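Engineer: Residue numbers (the UniProt record's numbering): 1 to 310.
Beta carbons are placed, not taken as given, at the ideal position from N, Cα and C, and that holds for glycine.
Source: prediction; values computed, not measured.
The structure under discussion is supplied below as structure tokens; questions concerning it will follow.
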């Protein structure tokens, strides 16, 4: 649950810092466009306005940014498969390191950044490190308690006290900022490369731009900085993931009244008397299936639409 427009450090991390980096990439283009339209703005005014807009755009594209970094979408199939194999190779290397006393401790930490299947075996679900890391902690509530983390997260969030929500959001803002800024730096690199080509094709026509060699060096530096920020984000997301898991460990009981109410409704509609005696994990799944999909799994194992209320 992200509240990026509160005027505090989260605003700086999520919006202003990545927005400023993004705006730097677009500044020469915007400056040229406004001049051609006969519009004059002070440089600091243009940079401020464009920073806010670019930061807002990155926040709006939060889901798409994460899907891209995780490898859930936008990856061509051959590239996706290649990087999946790369992550599988890294996983096998870590499993081998687990058998060596001198590398076992570090390997065990890295292995926990991979999800596990129903047999408790680690596997590579995504083509990137951050994709596997996020999958690992998002699947934790399902694996341990039978809770769909995405469904129950929003309901749990509303029941937390303000101090705890603030602490969670602060940690997530730090993690978000690294990825947003990494995207902005990648755009900076592409823009610098485009400006360098413009300078090469029309030497001396763009007096407000540095020379081509400087722009090419800037492009390389931007891409390197983007990669380093991405690697830094892995630690920040791992810390947030541990907090996320701990929250379900210690506060999932807050959801019991909602789950019990859902079970009572299902019991009444389906004329079932033993739902209260079911294992807690099954209760969470029954409530999720009813509230999220209006479905119920009967004694024969068939999932069907729940009977309408009398």
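1. Kindly identify the DSSP beta-bridge partner or partners of residue 86.
2. Using alpha carbons as the reference points, say which of 170, 154, 87 and 182 lies closest to residue 55.
3. Have a look at 271, 12, 112 and 27 and flag the residue whose alpha-carbon is nearest the alpha-carbon of residue 239.
4. Among the residues of its own chain, which have a CB less than 7 Å from the CB of residue 146, if the five just before and after it don't count?
5. Identify whether residue 142 lies in helix, strand or coil by the three-state DSSP scheme.
6. If you draw a straight line from the C-alpha of residue 110 to the C-alpha of residue 122, how long is it?
7. One question on the structure: do residue 192 and residue 218 come within less than 8 Å of each other, judged by their Cβ atoms?
8. Hey, out of 82, 108 and 79, whose CA is closest to residue 93's CA?
9. Look up residue 295 in the DSSP assignment and say whether it is helix, strand or coil.
10. Taking Cβ to Cβ, would you say residue 179 is nearer than 8 Å to residue 233?
11. Does DSSP classify residue 305 as helix, strand or coil?
12. Tell me the DSSP secondary structure of residue 103 in three-state form.
13. May I ask which residues mark the beginning and end of the alpha helix (DSSP H) holding residue 52?
14. Can you give the beta carbon distance from residue 140 to residue 245, rounded, assuming they're within the 8 Å contact cut?
15. Using the C-alpha atoms, what's the distance from residue 128 back to residue 215?
16. Between the C-alpha atoms of residue 208 and residue 25, what's the straight-line distance to the nearest angstrom?
17. Nearest-angstrom Cα distance between residue 73 and residue 210?
18. May I ask you to report which of helix, strand or coil DSSP gives residue 122?
19. Going by Cα to Cα distance, which pick from 228, 124, 171 and 52 is closest to residue 85?
20. Nearest by alpha-carbon distance to residue 199: which of 28, 156, 102 and 14 is it?
21. Tell me whether residue 31, by its Cβ, gets closer than 7 Å to a heavy atom of the ligand HEM.
22. Going by C-alpha to C-alpha distance, which of 248, 177, 253 and 276 sits closest to residue 237?
23. Straight-line CA distance for residue 51 to residue 99?
24. Have a look at the DSSP bridge pairing and note the partners of residue 116.
25. Please state whether the Cβ-Cβ distance between residue 126 and residue 14 is less than 8 Å.
26. Is it buried or exposed, residue 137, if we count other Cβ atoms within 10 angstroms and call 16 or more buried?
27. Going straight from the alpha carbon of residue 272 to that of residue 257, what length do you get?
28. Count the other C-beta atoms from every protein chain shown that fall within 10 angstroms of the C-beta of residue 44, then say buried if there are 16 or more, exposed otherwise.
29. When the distance is taken between beta carbons, is residue 243 closer than 8 Å to residue 190?
30. Out of 235, 69 and 305, point me to the one whose CA is closest to residue 83's CA.
31. Can you grab the Cα-Cα spacing for the pair residue 255 / residue 155, in whole Å?
32. Can residue 157 and residue 165 be called in contact, C-beta distance under 8 Å?
33. Could you work out which residue in 188, 235, 206 and 230 is closest to residue 221 when comparing CA atoms only?
Structural biologist: By the coordinates alone:
1. Residue 86 is not bridged by DSSP to any residue.
2. Put simply, of 170, 154, 87 and 182 the residue whose alpha carbon is nearest the alpha carbon of residue 55 is 182.
3. Residue 239 has its Cα closest to that of 112, out of 271, 12, 112 and 27.
4. Here the set comprises 281, 282, 284 and 285.
5. Helix.
6. Spanning the two alpha carbons is a distance of roughly 11 Å.
7. Yes, they are a contact pair.
8. Comparing Cα positions, the closest option is 108.
9. Note: residue 295 maps to strand in three-state DSSP.
10. By the CB criterion at 8 Å, residue 179 and residue 233 fall inside the cutoff.
11. DSSP places residue 305 in strand when its eight states are reduced to three.
12. Correct three-state label for residue 103: coil.
13. For residue 52, the enclosing alpha helix (DSSP H) has its first and last residue at 43–60.
14. Residue 245 and residue 140 do touch by the CB rule: their CB atoms are close to 5 Å apart, below 8 Å.
15. Each residue's Cα considered, the two are about 29 Å apart.
16. One Cα belongs to residue 208, the other to residue 25, and the distance between them is close to 13 Å.
17. It is roughly 36 Å from the alpha-carbon of residue 73 to the alpha-carbon of residue 210.
18. Reduced to three states, the DSSP call for residue 122 is strand.
19. Answer by Cα proximity: 124.
20. Across the set 28, 156, 102 and 14, the C-alpha of 28 shows the shortest separation from the C-alpha of residue 199.
21. This structure lacks the ligand HEM, and indeed carries no ligand of any kind.
22. Of the candidates 248, 177, 253 and 276, the one whose C-alpha sits nearest the C-alpha of residue 237 is 177.
23. So the alpha carbons of these two residues sit roughly 50 Å apart.
24. BP columns for residue 116 point to 122.
25. No, they are not a contact pair.
26. Note on residue 137: 16 or more other CB atoms within 10 angstroms of its CB, so buried under the neighbour-count rule.
27. Rounded to the nearest whole angstrom, the CA to CA distance from residue 272 to residue 257 is 19 Å.
28. By the 10 Å Cβ count, residue 44 comes out exposed.
29. No, they are not a contact pair.
30. Answer by Cα proximity: 69.
31. So the two alpha carbons sit approximately 7 Å from each other.
32. Residue 165 sits close to residue 157, with the two beta carbons spaced by under 8 Å.
33. The shortest C-alpha separation from residue 221 is found at 188.
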